[in-house]
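Peer 1: Handing you this structure, nothing more for now.
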Amino acid sequence: MDYRNKLVKIDIEGRVATASLCNPPLNILTLEMSAELRESFHKLEEDDGVRVIILRGDGEKAFSVGADIKEFPLVWDDVIGKKLLNENLAVDAIELTDKPVIAALEGNTLGGGCELAMAADIRFMSEKGRIGLPEINLGVFPGSGGLFRLARYVGVAKAYEMLYTGMIIDAEEALRIGLVNHLAPSGESLKQAVKLARVIADKPAEAIKLIKKGVRELWQKTTEENFRPNLEFSRSVFKTADCAEGVDAFIHKRTPEFGK
1 MDYRNKLVKI DIEGRVATAS LCNPPLNILT LEMSAELRES FHKLEEDDGV
51 RVIILRGDGE KAFSVGADIK EFPLVWDDVI GKKLLNENLA VDAIELTDKP
101 VIAALEGNTL GGGCELAMAA DIRFMSEKGR IGLPEINLGV FPGSGGLFRL
151 ARYVGVAKAY EMLYTGMIID AEEALRIGLV NHLAPSGESL KQAVKLARVI
201 ADKPAEAIKL IKKGVRELWQ KTTEENFRPN LEFSRSVFKT ADCAEGVDAF
251 IHKRTPEFGK
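Numbering (our numbering), first residue to last: 1 to 260.
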């Protein structure tokens, strides 16, 4: 299987594959990276030698901080739809693979990066890590399934609070509310993820596959029903004056003035 990519590096050791987001220092999620990520997970799905997949970000500054906000003014109109669709397909490729996926989170896991992490089955986070969906501060909201996936893990009330405020929480709080499974010392989330991946890889593959399918059935209808509306809502919000104001304020390092 050919895994030669520019922005998503695949390493396979035994029956465990590691997919690394390689766009340092913050592993920004570009259109090209989304396409490579989707393609890589489809190939890993077809690789019979791979039993478990680990998803990580290169370096310790960030798993991923999501999209490049400075690109936003360049991707209005038709390109917005392509970008959002690409990111949705990449996130879904992670969630819908029949193989267990473990995310190893170092540093910041924000925006689209958080959406990628929530598509994994299990999450390890560095004790010094931070995670959140701060899109509201740009006048938009998570466009790749973050709305319903966050509510799935932390409950509706907490999801509303996080989404309405754009709060970024630390690792201890993420563990407390159920957004991550385990905390690891700084720099060791991958090591601990590999340890668990090897345990899972030694279990009966067909039973693991059926377990994942069975659990996923609880959420599948929700995922499919929300995909198109979520995409359409995202396209709409990207065209608002508040979004333009939020992005401009971020780029020029000033406080946004929404509603004008």
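C-beta atoms are modelled at their ideal positions from N, C-alpha and C, and glycine is treated no differently.
Does the stretch 245 to 256 come into contact with the stretch 135 to 145, if we say contact requires no fewer than three beta-carbon pairs (one atom in each stretch) closer than 8 Å?
Peer 2: In this structure the stretch 245 to 256 touches the stretch 135 to 145; the number of beta carbon pairs closer than 8 Å is three or more.
Peer 1: Would you kindly check if the distance between the Cβ of residue 106 and the Cβ of residue 40 is under 7 Å?
Peer 2: no
Peer 1: Let me check you understand the geometry: is the CB of residue 29 closer than 6 Å to at least one non-hydrogen atom of the ligand HEM?
Peer 2: Looking at this structure, you won't find the ligand HEM or any other ligand, since it has none at all.
Peer 1: What residues match up with residue 107 in a beta bridge as DSSP calls it?
Peer 2: 62
Peer 1: Closest by CA to residue 104, which one among 131, 24, 21 and 123?
Peer 2: 123
Peer 1: Once you ignore the five residues that flank residue 170 on each side, which residues in its own chain have a CB closer than 7 Å to its CB?
Peer 2: 130
Peer 1: Buried or exposed: where does residue 126 fall if 16 or more other Cβ atoms within 10 Å of its Cβ makes it buried?
Peer 2: Residue 126 comes out buried.
Peer 1: What is the residue span of the beta strand (DSSP E) that residue 124 lies within?
Peer 2: Bounds of the beta strand (DSSP E) holding residue 124 are 122 to 126.
Peer 1: Three or more C-beta pairs under 8 Å: does that hold for the stretch 49 to 57 against the stretch 8 to 25?
Peer 2: yes
Peer 1: Do residue 113 and residue 34 come within 7 Å of each other at the CB atom, strictly closer than that value?
Peer 2: The answer is no: Cβ separation not under 7 Å.
Peer 1: Could you say if the stretch 140 to 155 and the stretch 165 to 182 meet the contact criterion of at least three C-beta pairs nearer than 8 Å?
Peer 2: yes
Peer 1: Taking residue 241 as the reference, which of 251, 252 and 257 has the closest Cα?
Peer 2: Distance from the Cα of residue 241 is smallest, within the candidate group 251, 252 and 257, for 257.
Peer 1: So, residue 207 versus residue 52, is the Cβ gap smaller than 7 Å?
Peer 2: no
Peer 1: Measure the beta-carbon distance from residue 195 to residue 100 and round it to whole angstroms, keeping in mind my assumption that it falls under 8 Å.
Peer 2: Their Cβ separation, rounded to whole angstroms, is 14 Å, which puts residue 195 and residue 100 out of contact at 8 Å.
Peer 1: In angstroms, rounded to a whole number, what distance separates the CA positions of residue 92 and residue 145?
Peer 2: Residue 92 and residue 145: Cα-Cα distance of roughly 9 Å.
Peer 1: What ranges does the alpha helix (DSSP H) occupy inside the stretch 141 to 180, keeping only unbroken runs of at least 4 residues that lie completely in it?
Peer 2: Correct list: 146 to 154, 156 to 165 and 171 to 176.
Peer 1: Could you tell me which of 132, 133 and 46 sits nearest to residue 98, measuring between CA atoms?
Peer 2: 46
Peer 1: Residues bridged to residue 241 by DSSP?
Peer 2: According to the DSSP secondary-structure assignment, residue 241 is paired through a beta bridge with no residue.
Peer 1: Starting from the Cα of residue 5, find the closest Cα among 147, 14, 43 and 16 and give me that residue.
Peer 2: Selection 147, 14, 43 and 16 evaluated against residue 5 yields 43 as nearest (Cα-Cα).
Peer 1: Please name the residue in 116, 162 and 182 whose C-alpha comes closest to that of residue 28.
Peer 2: 116
Peer 1: Using the beta-carbon count (16 or more within 10 Å), is residue 165 buried or exposed?
Peer 2: exposed
Peer 1: In terms of residue numbering, what span does the alpha helix (DSSP H) encompassing residue 39 cover?
Peer 2: 31 to 46
Peer 1: Between residue 96 and the rest of its own chain, which residues show a CB-CB distance below 8 Å, the 5 nearest in sequence each way excluded?
Peer 2: 216
Peer 1: Using the C-alpha atoms, what's the distance from residue 201 back to residue 209?
Peer 2: 11 Å
Peer 1: Can you tell me whether residue 13 is buried or exposed? The criterion is at least 16 other CB atoms within 10 Å of its CB, across all chains shown.
Peer 2: exposed
Peer 1: How about residue 193 and residue 102: do their beta carbons lie closer than 7 Å?
Peer 2: Here residue 193 is near residue 102, since their CB atoms are less than 7 Å apart.
Peer 1: May I have the straight-line CA-CA distance separating residue 32 from residue 159, to the nearest angstrom?
Peer 2: CA-to-CA, the gap between residue 32 and residue 159 works out to about 29 Å.
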